[in-house]
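Below is one structure, written out as structure tokens; comments come after it.
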Amino acid sequence: MIRTLLALNGALIRGALAFVLTTQEDIEVVAEVERAEDIGTALRTQRPDVAVADVNLFGAGVLSAGGASSGPPPVLVLVDPRRPKVLGDALRARCQRLGFLGSDVAPERVVEAVRRLAHGGSVVDADLVVAALNRDNPLTAREVEVLEIAAEGWPVVEIASKLSLSSGTVRNHLCRIAGKTGARTRIEAVRIARERGWI
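In structure tokens:
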């Protein structure tokens, strides 16, 4: 029996996946958590053979807490395919037994991936890799800095102060960012840049 931990945001998605997994004769869902800080406890107490984690929760407990005497279990990381940047971040994590699937795949692919990881196999979604490789960022390094600070809600004057620029220069950067992202507002530009993994 493959003991499985689900660390996913959203009770509906987590519950649906738990239902699909528990219909398999060889898989048992031993714990479900939705907060990163609960993962470590679940790993220590339930000792799963495989963890399935949303990329937003991945890392906090999955990598640092050992589920079994041999260390953390293999982790199937579910990644939003619209945000390929996070795949690169996850690939740099210090865990040797990782699998990656898009969060929009059919449940049957998750079932298959859990089995493969439990038996020492590897899982990498080719579509995610292609998306990660093709995420050319049209924004300059300075435009990324401006947009990241703008994403925190700072006005032009504050952005200029933080980057030692004039307000006019910041406005010019924001105008170019809007052109490159196709956004009408700063908020929309931030959303688009995040979805495409540019910031």
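Numbering (mature numbering (1 follows the signal peptide of the UniProt record, and there is no 0)) for the sequence shown: -18 to -1, 1 to 181. Cβ atoms here follow ideal geometry from the backbone N, Cα and C, with glycine treated the same way.
What whole-angstrom Cβ distance do V57 and A35 have, given they're in contact under 8 Å?
Taking the first residue of the sequence shown as 1, we reach residue 57 at position 75. Taking the first residue of the sequence shown as 1, we reach residue 35 at position 53. Indeed, because the Cβ distance is near 6 Å, the residues count as touching under 8 Å.
Identify the continuous beta strand (DSSP E) that holds A13 and give its terminal residues.
The residue given as residue 13 occupies position 31 in the sequence shown. Taken as a continuous stretch (DSSP letters only), the beta strand (DSSP E) holding A13 covers 9 to 15.
I need the straight-line Cα distance from L(-11) to L83, nearest angstrom please.
Counted from its first residue, the sequence shown places residue -11 at position 8. Counted from its first residue, the sequence shown places residue 83 at position 101. In a straight line, the C-alpha of L(-11) is about 14 Å away from that of L83.
Check the DSSP bridge columns for I(-17) and list the partner residues they point to.
Walking along the sequence shown from the start, residue -17 turns up at place 2. I9.
Quick one: measure Cβ to Cβ for L(-13) and E14, integer angstroms, because I've assumed they're closer than 8 Å.
Mapped onto the sequence shown, residue -13 falls at position 6. Mapped onto the sequence shown, residue 14 falls at position 32. Confirmed, about 5 Å.
Given that a residue counts as buried once 16 or more other Cβ atoms are within 10 Å of its Cβ, and exposed if not, what is D107?
Position 125 of the sequence shown, counted from the start, is the residue given in the question as residue 107. D107 is buried by the Cβ-count criterion.
With DSSP collapsed to three states, give me the class of L(-11).
Start at 1 with the first residue of the sequence shown, and residue -11 comes out as number 8. Coil at L(-11), not helix or strand.
Buried or exposed: which applies to S104, given that a residue is buried once 16 or more other Cβ atoms fall within 10 Å of its Cβ?
On the sequence shown, position 122 is the one that residue 104 refers to. By the neighbour-count rule (16 or more Cβ atoms within 10 Å), S104 is not buried but exposed.
Quick check: the Cα distance between L99 and A133, rounded to an integer number of angstroms?
The sequence position of residue 99 within the sequence shown is 117, counting from 1. The sequence position of residue 133 within the sequence shown is 151, counting from 1. Roughly 37 Å separates the two Cα atoms.
Sort R153, G179, W180 by Cα distance to T167 and report the nearest one.
Residue 167 sits at position 185 when you count from the first residue of the sequence shown. Comparing Cα positions, the closest option is R153.
For D31, I'd like the list of residues in its chain whose CB is within less than 6 Å of its CB, leaving aside the five on either flank, ordered along the chain.
To locate residue 31, count along the sequence shown from 1; it is residue 49. I(-17), R(-16), P55, A100, listed in sequence order.
Should L(-7) and V93 be called a contact, given that it needs their Cβ atoms to be closer than 8 Å?
Here residue -7 refers to the residue found at position 12 of the sequence shown. Here residue 93 refers to the residue found at position 111 of the sequence shown. Result no, Cβ atoms of L(-7) and V93 do not sit closer than 8 Å.
Drop a sphere of 10 angstroms on the beta-carbon of A123, count the other beta-carbons inside from all chains shown, and report buried for 16 or more, exposed for fewer.
In the sequence shown, residue 123 corresponds to position 141, counting from 1. Label assigned to A123: exposed.
With DSSP collapsed to three states, give me the class of L(-2).
Here residue -2 refers to the residue found at position 17 of the sequence shown. Reduced to three states, the DSSP call for L(-2) is helix.
Once the 5 residues before and after I141 are set aside, which same chain residues still bring their CB inside 7 Å of it?
Working through the sequence shown from its first residue, we reach residue 141 at position 159. Correct list, in chain order: V128, I131, A132, V152.
Provide the residue(s) that pair with F82 in DSSP beta bridges, ordered along the chain.
Taking the first residue of the sequence shown as 1, we reach residue 82 at position 100. The partner list for F82 (beta bridge, DSSP) reads V59, V106.
Have a look at residue 197 and P63 and give me their C-alpha separation to the nearest angstrom.
As shown, the chain starts at -18 and ends at 181. That puts residue 197 outside it, with no answer to give.
With DSSP run on the structure shown, which of helix, strand or coil describes A95?
Numbered from 1 along the sequence shown, position 113 holds the residue referred to as residue 95. Three-state result, A95: helix.
For D86, I'd like the list of residues in its chain whose CB is within less than 7 Å of its CB, leaving aside the five on either flank, ordered along the chain.
Here residue 86 refers to the residue found at position 104 when the sequence shown is read from its first residue. So the qualifying residues of the chain are P63.
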